[in-house]
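Student:
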Amino acid sequence: MVQQRADVERLPAYVQGKSLPDAVKLSSNENPYPPLDSVLVATQQRLASFHLYPDMGAVAVRERIAARHGVRPEEVAVGSGSVEVAAQLITASAGEGDEVIFAWRSFEAYPILVQVAGATAVPVPLTADERHDLDAMAAAVTPRTRLVFICTPNNPTGTVVHTDELERFLAAVPKDVLVVIDEAYVHFDTDPESADGVDFFRRHENVAVLHTFSKAYGLAGLRIGYAIASERVAANLRRVAVPFGVSDLAQTAAIASLDAEAELNARVERIVAERERVLAALRANGWKPIDSLGNFVWLRTGDRTAEIDAALREHGVVVRAFAGDGLRMTIGDPEMNDRFLAAITGITAL
Ligand code: PMP
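All the letters of the sequence shown, read from the start, carry residue numbers 1 to 350 under the UniProt record's numbering.
1. Have a look at 171, 182, 177, 98 and flag the residue whose alpha-carbon is nearest the alpha-carbon of residue 153.
2. Which of the three DSSP states, helix, strand or coil, is assigned to residue 209?
3. Roughly how many angstroms lie between the CA atoms of residue 285 and residue 29, to the nearest whole one?
4. Considering Cα atoms alone, identify which of 195, 124, 149 is closest to residue 168.
5. Where does residue 161 sit, in a helix, a strand or coil, going by DSSP?
6. So, helix, strand or coil for residue 130, using DSSP?
7. Return yes when at least one heavy atom of ligand 1 lies under 7 Å from the C-beta of residue 218, else no.
8. From the DSSP secondary-structure annotation, give me the bridge partner or partners of residue 149.
9. For residue 133, which option in 156, 117, 102, 109 has the closest C-alpha, if you only look at C-alpha atoms?
10. I'd like to confirm the pairing. Which residues does DSSP put opposite residue 14 in its beta bridges?
11. When burial is assigned at 16 or more other CB atoms within 10 Å of the CB, is residue 51 buried or exposed?
12. Does residue 80 come out as helix, strand or coil in the three-state DSSP assignment?
13. When you compare only the Cα positions, how much space is there between residue 313 and residue 186?
14. Roughly how far, in whole angstroms, is the beta-carbon of residue 140 from the beta-carbon of residue 14, given that I think they are within contact range, below 8 Å?
15. Cβ-heavy atom distance between residue 206 and ligand 1 below 7 Å?
16. Can you pull every residue whose C-beta falls closer than 6 Å to some heavy atom of ligand 1, listed in chain order?
17. In terms of residues, what are the limits of the alpha helix (DSSP H) holding residue 334?
18. Under 7 Å Cβ to Cβ from residue 228, same chain only, skipping five residues before and after it: list those, please.
19. What does a CB cutoff of less than 6 Å around residue 87 pick up in its chain, not counting 5 residues either side in sequence?
20. Can you tell me where the beta strand (DSSP E) with residue 33 in it begins and where it stops?
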């Protein structure tokens, strides 16, 4: 039998949000709206070139992203989805014996990516009200800590980190620890007190920000995300990247999406309005969801998670179940959300 890394063989695989035939899929925090015509046209024009490799330096899209955020292109690194950029950040920062801190529960990929890198995952429980416990996270830092993930809005709880909290946290953490602010859902965040990752990046050399085109921009299937990081860190991300990892179609669609931001923002506003409608309807039905600032809502269903998940499926609605913990329902278009609300009406609230 061939030799394989035993720690890899023990790893749980990342699980994709499920779907069922004829069901409404609200399990992957995808954007319910189809690609914009302008983005489709731009990518179609590039289809005839897919016999060629993409621009490995992703120069045009990095310049466009840099201009969007008022940073330099040297401070931008792209990857095949922000999850790949997260993997690059870990690989560039941490190896065997090093520690990576993140809140838990948070994005499912963090512990897997940390273990793949051979580093040690240090999950720090969320507070009772499902927020990052930044004091406990700062206290978890040791001389082996290389990186901290802060996910705001947090997947799957929808809670955010506020500016003053992050300021305090950064003051408490040594400057040689990279603090990565994962803002995959930032466009849906309507809380004026939320920390602005790019602003923190400008003021703190050890801060990097992760953004994705998968959520608000609706390019989940094309796979492109990016980090804004110091020139040194961004260069290291390019060093550890798999060559040609971001397709020409993805780069083209990202630029076209940035050109169409007003149109995309109108969709984001609709999703945010639907989120508030769903939260209000759930509360009117006796459920007690906490406020969410992402494109999803979180129901802490505990021991009843599997039962409620199964009942929703019977009604043709697929959400994301975290065994024994809770359910995360992605906000879809009004019709999809109505189906979810109709399905959950028949289930006794917790
Ligand atoms: N960060 C968070 C918090 C996420 O929830 C996700 C996707 N579920 C990602 C990063 C990765 O998204 P992508 O790779 O599609 O950019």
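Where is the CB? At the ideal position from N, CA and C, for every residue including glycine.
Predicted model, so just to flag it, every value in this text is computed and none were measured.
Tutor: Straight from the coordinates:
1. With distances taken between CA atoms, residue 153 lies nearest to 182 out of 171, 182, 177, 98.
2. strand
3. 23 Å
4. 195
5. coil
6. coil
7. no
8. 102, 180, per the DSSP bridge assignment.
9. 102
10. Per DSSP, none; premise fails for residue 14.
11. exposed
12. Coil.
13. 29 Å
14. 24 Å between Cβ atoms; not a contact.
15. No, the Cβ of residue 206 stays beyond 7 Å of every heavy atom of ligand 1.
16. 29, 81, 82, 83, 107, 151, 155, 182, 184, 212, 214, 220, 225
17. It spans 334-345 - the alpha helix (DSSP H) in which residue 334 sits, taken as one unbroken run.
18. 69, 71, 75, 76, 198, 201, 208, 209
19. 113
20. It is not in any beta strand (DSSP E) - residue 33 carries neither H nor E in the DSSP assignment.
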